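For the sequence shown, this note's numbering begins at 32 and goes up steadily by one. Where a beta carbon is used, it is the ideal one built from N, C-alpha and C, also for glycine. Here the structure is a predicted model, which is why all the values come from computation and not from measurement. Okay, structure first, notes after.
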Amino acid sequence: AATHRYATHGHGDETMLVHAATAPNAVLRALPALPRALWVPSLHAAWTASAAVTAMYAPDEPVAYEPVGDLDAEEVFARALAHGDEHVIKFADTALDVGDQRALGAVLRAVELSVPLG
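Here it is in structure tokens:
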């Protein structure tokens, strides 16, 4: 949900709102390495953090969603890599896990909003 929301709300804070999506995804990836007893508390912590970031940095109004057009996942990820910002790259990786066009559109929005490195 946070990945999709970024497409229309990322302008609230282009970097902090990336974390609303990437933090839960990072925890999901780490779960297999954690003792099973830590799975539920870890997920609760991730979603609590995501909700807090969203509440703190959400803009007053959304912008219109812009579809990705003919771009596929590989092309969108290439744009994130070319952009160079680690937050944009991690967000693109998360969006690929989500795996739909709206998530890809959110990546393009992150590329647009974030200051490129290099």
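Helix, strand or coil for residue i? Go by DSSP, reduced to three states.
i: Asp124; result: helix
i: Ala57; result: helix
i: Tyr167; result: Not covered by the structure: residue 167. The range shown for the chain is 32 to 149.
i: Thr39; result: helix
i: Leu62; result: helix
i: Leu148; result: coil
i: Ala52; result: helix
i: Thr46; result: coil
i: Ala33; result: helix
Taking all protein chains shown into account, decide if residue i is buried (16 or more other Cβ within 10 angstroms of its Cβ) or exposed.
i: Arg60; result: exposed
i: Asp116; result: buried
i: Val119; result: buried
i: Val94; result: exposed
i: Ala141; result: buried
Taking the alpha helix (DSSP H) that residue i falls in, what are its first and last residues?
i: Leu74; result: 70–88
i: Leu139; result: 132–144
i: Glu105; result: 104–114
Spell out a yes or no on whether the segment 125–135 and the segment 89–107 are touching, meaning 3 or more CB-CB pairs, one atom from each, closer than 8 Å. The answer is yes - the segment 89–107 touches the segment 125–135, with three or more Cβ pairs under 8 Å.
Could you say if the segment 51–60 and the segment 77–97 meet the contact criterion of at least three C-beta pairs nearer than 8 Å? A contact exists between the segment 51–60 and the segment 77–97.
State whether the segment 82–89 contacts the segment 106–116, with contact taken as three or more CB pairs (one from each stretch) at a distance under 8 Å. Inter-segment contact for the segment 82–89 and the segment 106–116 is absent: fewer than three beta-carbon pairs are separated by less than 8 Å.
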